[in-house]
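Counted the way mature numbering (1 follows the signal peptide of the UniProt record, and there is no 0) counts, the sequence shown spans residues -25 to -1, 1 to 239.
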Amino acid sequence: CDQTSCIMKGGPLYCVLLLAIAVHADHHGDHIEHHGHDEGAHIEHASADSSGHFETFNKLDDRIDKLVTRLQNVKDRVSRRTDPGIIAKARSLRSRVQKVEGSGCDDKHFQCGGSDPECQSFLFVCDGHKDCRNGADEQFCEMPTKQGDYFEGHVIWDTCTQRKPDILAFEITSVRTSTFFTPASLVRANILIDHENPRFDGHASLPAIGAYHLGRRVLAFRPPESDRLALFCKFDGYNMDRCEGFIAHEASLDICAELVFVRK
């Protein structure tokens, strides 16, 4: 306002008051504007800090996920190496390799194996006393068969049986182990034959008596018929679901047929 209007409205004091109010208002406006800039900068800085924290958390989360995955992979590998099924397969393979290369023992002795090979009598295997230095003779004493087990055999070649079956099976009816002689168990079974050829056609069930020898790992059945053909099935001691079958003449033990039996 000019001097004339101030004087007209109230004199010099009124003009001084208006001037003071105007100066205060202008200063307050500057303060608000400056304060507004400060708040904006503070908010912007806080937003940048938050973004940085989120990025750090995400990186940590990713690293934790990767570490958890790696740990699980290690646990899986350890589990696979200690899995009883895989260990049994590895031992079965080792037994097959030993069969090809030879055990270093004659047919009346058991190879203890390990880093210090040793031969012990088959009669000492699973007799309740440790005879091998490494205890291998008492390590695997589980019977591969029990009552009700059924094994189906596929014929590989056959030069002696009357029926010439493609499939021959046996079903275990009883297993008995003596308390005073544990290396062998008495086994009874039915040998089941399905056959179809020009001479014979049908089904036969032949009761048979035999024994399982823990040292030799062989299930041997006496001849169930007058042709005096005996049936043998050799396990490797580790894979209890498979055995190599042989049919042989009782007197000479000459093998005249070969089969592969699988548990069903």
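Every residue, glycine too, gets a C-beta built ideally from N, C-alpha and C.
Where residue i falls: helix, strand or coil (DSSP)
| i | result |
| --- | --- |
| Q122 | coil |
| D36 | helix |
| N48 | helix |
| V100 | coil |
| F29 | helix |
| A(-4) | Per-residue confidence for A(-4) stands at a pLDDT of 49, beneath the threshold of 50, marking its modelled position as unreliable; no derived number is given. |
| E117 | coil |
| D112 | helix |
| K209 | strand |
| L234 | strand |
| G11 | Low confidence applies here, because G11 scores a pLDDT of 47, under 50, leaving its location unreliable and the question unanswered by this model. |
| L189 | coil |
| L194 | strand |
| C(-25) | Only weak support exists for where C(-25) lies, its pLDDT of 48 falling under 50; the value from the coordinates is given anyway. In the structure shown, C(-25) sits in coil (DSSP, three-state: anything other than H, G, I, E or B). |
Environment of residue i [buried if 16+ CB atoms lie within 10 Å]
| i | result |
| --- | --- |
| R52 | exposed |
| A226 | exposed |
| residue 248 | Here the chain comprises residues numbered -25 to 239, so residue 248 is not present and cannot be evaluated. |
| G220 | buried |
| L42 | exposed |
| G89 | exposed |
| V193 | buried |
| F156 | exposed |
| P158 | buried |
| F196 | buried |
| G185 | buried |
| L46 | exposed |
| F29 | exposed |
Whole-angstrom distance between residue j and residue i, CA atom to CA atom
| i | j | result |
| --- | --- | --- |
| G110 | L35 | 52 Å |
| V49 | A144 | 43 Å |
| D211 | G177 | 33 Å |
| F32 | D40 | 12 Å |
| L204 | C87 | 32 Å |
| R108 | H84 | 15 Å |
| H129 | V235 | 5 Å |
| C218 | D37 | 51 Å |
| N214 | V162 | 19 Å |
| T136 | L167 | 14 Å |
| D82 | S96 | 9 Å |
| S201 | D91 | 46 Å |
| S149 | C80 | 32 Å |
| T44 | K209 | 44 Å |
Own chain residues within Cβ distance below 8 Å of residue i, not counting five before or after
| i | result |
| --- | --- |
| N172 | R138, K139 |
| E134 | It should be noted that the sequence gives Thr, not Glu, for residue 134. Closer than 8 Å at Cβ, skipping near neighbours: C231, A232. |
| F207 | V193, L194, A195, F196, G220, F221, I222, A223 |
Residues near residue i in its chain [Cβ-Cβ closer than 6 Å; skip 5 each side]
| i | result |
| --- | --- |
| T152 | S160 |
| I147 | T120, Q122, D124, A164 |
| E113 | K105 |
| E117 | none |
| K239 | Y125, E127 |
| F115 | G212 |
Neighbourhood of residue i by C-beta distance below 7 Å, restricted to the same chain and skipping five residues each side
| i | result |
| --- | --- |
| residue 324 | The question about residue 324 has no answer here: the residues shown for the chain are numbered -25 through 239. |
| D229 | A223 |
| D169 | P140, I142, H178 |
| D216 | V237, R238 |
| E93 | C87, C107, R108 |
| W132 | A232, E233 |
| S180 | N165, L167 |
CB contact check: residue i to chain B, cutoff 8 Å
| i | result |
| --- | --- |
| A205 | This model lacks chain B altogether, as it is built from one protein chain only. |
Cβ-heavy atom distance, residue i to the ligand ADP, below 7 Å
| i | result |
| --- | --- |
| F156 | The ligand content of the structure shown is nil, which means the ligand ADP is not present either. |
Exercise for review: Count the CB pairs spanning the region 98 to 112 and the region 176 to 195 that are closer than 8 Å, and state whether there are at least three.
Suggested key: yes
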